[in-house]
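K.L.:
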Amino acid sequence: MSWKRIWSIVRKEFIHIRRDPRTIALILLMPIMQMFLFGYAVSTNVEHIKTIIWDQARDQRSRELIQALVQSNYFDVVAYVESHDDIRGWVDRGKARVGFVIPADFSRRIDRGETAPVQVLLDGSDPTTASTVLSAAGAIVQAKSAQITAVTLERRGMASGKLGLPRIDLRPWVWYNPEMKSVNFNIPGLIGVILQNITMMLTAFAVVRERERGTLEQLIVTPIKPFELMWGKVIPYIIIGFADLLLAIAVGILWFGVPVHGNLLLLLALSFIFLVGALGIGLLISTISRTQLQAMQLTMFLVMPNILLSGFMFPQDAMLGFIQKISALIPLTYFIEILRAIILKGVGIGYLLFQVFYLLVFGLAIMAISALKFRKNLE
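Each residue of the sequence shown is one higher than the one before, counting from 1 in UniProt numbering.
1) If you drop the 5 nearest sequence neighbours on each side, which residues of the same chain put their C-beta closer than 8 Å to that of Leu69?
2) Under 9 Å between the Cβ atoms of Ala328 and Ser125?
3) Mind checking whether Asp59 and Val98 have CB atoms under 9 Å apart?
4) What are the boundary residues of the beta strand (DSSP E) that includes Thr51?
5) With a CB to CB cut of under 8 Å and the five nearest residues on each side skipped, what residues in its chain are close to Lys225?
6) So, helix, strand or coil for Lys373, using DSSP?
7) Three or more C-beta pairs closer than 8 Å, one from the stretch 286 to 294 and one from the stretch 303 to 321: is that the case here?
8) If you count every other CB in all the chains shown that lies within 10 Å of the CB of Ser107, and 16 or more means buried, which is it?
9) Below 6 Å CB to CB, which residues in the same chain sit around Lys181 once its five sequence neighbours on both sides are set aside?
10) Which residues share a DSSP beta bridge with Pro315?
11) Answer yes or no: the CB of Lys233 versus the heavy atoms of the ligand GDP, is any distance below 8 Å?
12) Less than 9 Å separating the beta-carbons of Phe205 and Ile238?
13) Between the Cα of Phe335 and those of Pro188, Leu264, Leu65, Arg11, spot the shortest distance and give me the residue it belongs to.
14) Tell me the rounded alpha-carbon separation between Leu163 and Leu339.
15) Is any beta-carbon of chain D found at less than 9 Å from that of Arg167?
16) Measure the CB-CB distance between Ile66 and Ile87 and report whether it falls below 9 Å.
17) Flag this pair as yes or no: are the beta carbons of Gln119 and Pro178 separated by less than 9 Å?
18) Comparing alpha-carbon positions, which option in Asp317, Ser145, Ala269 lies nearest Leu359?
19) How big is the Cα-Cα spacing for Ile369 and Leu284?
20) So what does DSSP say about Ile288, is it helix, strand or coil?
21) Measuring CB to CB, does Ile110 end up less than 9 Å from Ala116?
22) Tell me Ala116's beta-bridge partners as DSSP assigns them.
23) Is the beta carbon of Asp244 less than 9 Å from the beta carbon of Glu47?
24) Output the residue ranges of the beta strand (DSSP E) runs that lie fully inside the stretch 62 to 139 and measure 3 residues or longer, sorted by chain position.
25) In whole angstroms, what is the alpha-carbon distance linking Phe374 and Met200?
26) Under DSSP, the alpha helix (DSSP H) around Arg5 begins and ends at which residues?
27) Mark Ala159 as exposed unless 16 or more other C-beta atoms lie within 10 angstroms of its C-beta, in which case mark it buried.
28) So for residue 397, helix, strand or coil by DSSP?
29) So is Asp55 buried or exposed if we call it buried at 16+ other beta carbons inside 10 Å?
30) Cutting at 6 Å between CB atoms, please list the residues of its own chain near Thr203, excluding the five before and the five after it.
31) Assuming Gln292 contacts Glu210 under a Cβ cut-off of 8 Å, what Cβ separation, rounded to an integer in Å, is found between them?
32) With a CB to CB cut of under 8 Å and the five nearest residues on each side skipped, what residues in its chain are close to Gln34?
33) In the DSSP output, which residue or residues are listed as bridge partners for Val174?
34) In chain order, what residues of the same chain lie with their CB nearer than 7 Å to the CB of Ile326, ignoring the 5 residues before and after it?
35) Which residue wins for smallest C-alpha separation from Thr299, given the options Gln196, Ile253, Val361?
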């Protein structure tokens, strides 16, 4: 074995790496990106949960309880409503995660030394956030109840007397996923991740593979127009994407037992809009990559932020504010919201208008950019 020959190969490999700016960029950016993503996005410490309040009592004690919830930093009150239906509407639209209902006789029950119930309505489609809500609300209510008991005992001279001791009783009610099974939360998100990754990766290799084999030049000299060639490349992967979508849904329902409460035809229709965007990204990658290795590297560079920031693995409520803004730019974020809303909540398109609008605009924009880049490459 000759170390001199080995060193010559090592030197040659570093020269190749130095001549490839895309590889150098990935070498430098990938570890930095991973550090920031895992440092800021990977967290289960959920705070500032969007909260709805139905305060039927509207007195000093109910306001003190609401203030205690807000001061804990776990709950951000986004609206006060007047009915259970209002709470359900906010939660269905994803504008709130939890609702508290304080009864009209809240203070009167406490004054009588009775139990004062407070109902908490939870969005069980996200078990992590729901568990945090139950734990935090339970601790806050328990502390408030102990404070009321201490004041009552002091007023009575530490003697219970004929009246009982008042306490606040938290009564949870979980919607959509009553048993808070994590599989019901994970499977819809996993369907979105699988659909994006497969279609994006396969499309990314489409043009690059032709270029490496030298068959792209043969296609260029035929009467086929660039637009026709592009759609000829894309349509097979639309069909493959739908086949994978149906397969993933079937496995989720039949094997994992995930209940589907919404309209599957609506889900398929909205999946097509998402597919257009995913295919557009893959096509754009294929037009800017010279080799299949570069296409794979660029695809993986995009896959990780999508998985970490889309809400698939970690609650978005646990992310920092600027990370949430980045998450709001990722199409997968909205598709996962659509999947969970239709599968778990059974909502209609009226509750998903913003998500659909964003996916539609993104899909059309990325396909237009990819088409222009594709045509320019052929010319």
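All C-beta atoms, glycine included, are put in the ideal place defined by N, C-alpha and C.
P.N.:
Taking the coordinates as given:
1) Thr51, Phe75, Val77, Phe100, Ala137, Ile140
2) The answer is no: Cβ separation not under 9 Å.
3) In this structure, Asp59 lies away from Val98, with their beta-carbon atoms at least 9 Å apart.
4) 49 to 55
5) none
6) helix
7) No contact exists between the stretch 286 to 294 and the stretch 303 to 321.
8) buried
9) none
10) DSSP, once it has assigned bridges, lists no residue as partnering Pro315.
11) Ligands in the displayed structure: none, and consequently the ligand GDP is not present.
12) no
13) Pro188
14) Because the pLDDT at Leu163 is just 49, under 50, the model does not fix this residue reliably, and the point stays unresolved.
15) Absent from the structure: chain D. Only one protein chain is present.
16) Cβ atoms of Ile66 and Ile87: not closer than 9 Å.
17) no
18) When only C-alpha atoms are compared, the closest one is Ala269.
19) Ile369 and Leu284 have their alpha carbons spaced roughly 8 Å apart.
20) helix
21) yes
22) Ile168
23) no
24) Within the stretch 62 to 139, the complete beta strand (DSSP E) segments of 3 residues or longer fall at 75 to 80, 98 to 102, 115 to 123, listed in chain order.
25) Rounded to whole angstroms, Phe374 to Met200 spans 16 Å at the Cα level.
26) Element bounds for Arg5: 3 to 18.
27) The pLDDT assigned to Ala159 is 49, lower than 50, so where the model puts this residue is not dependable, and the model offers no usable value.
28) The shown model of the chain, from 1 to 379, leaves out residue 397, and the question about it has no answer.
29) The residue is buried, with at least 16 neighbouring Cβ atoms inside 10 Å.
30) Tyr237, Leu279, Gly282, Leu283
31) Wrong, their Cβ atoms sit about 11 Å apart, outside the cutoff.
32) Met304
33) Leu122
34) Leu309
35) Gln196
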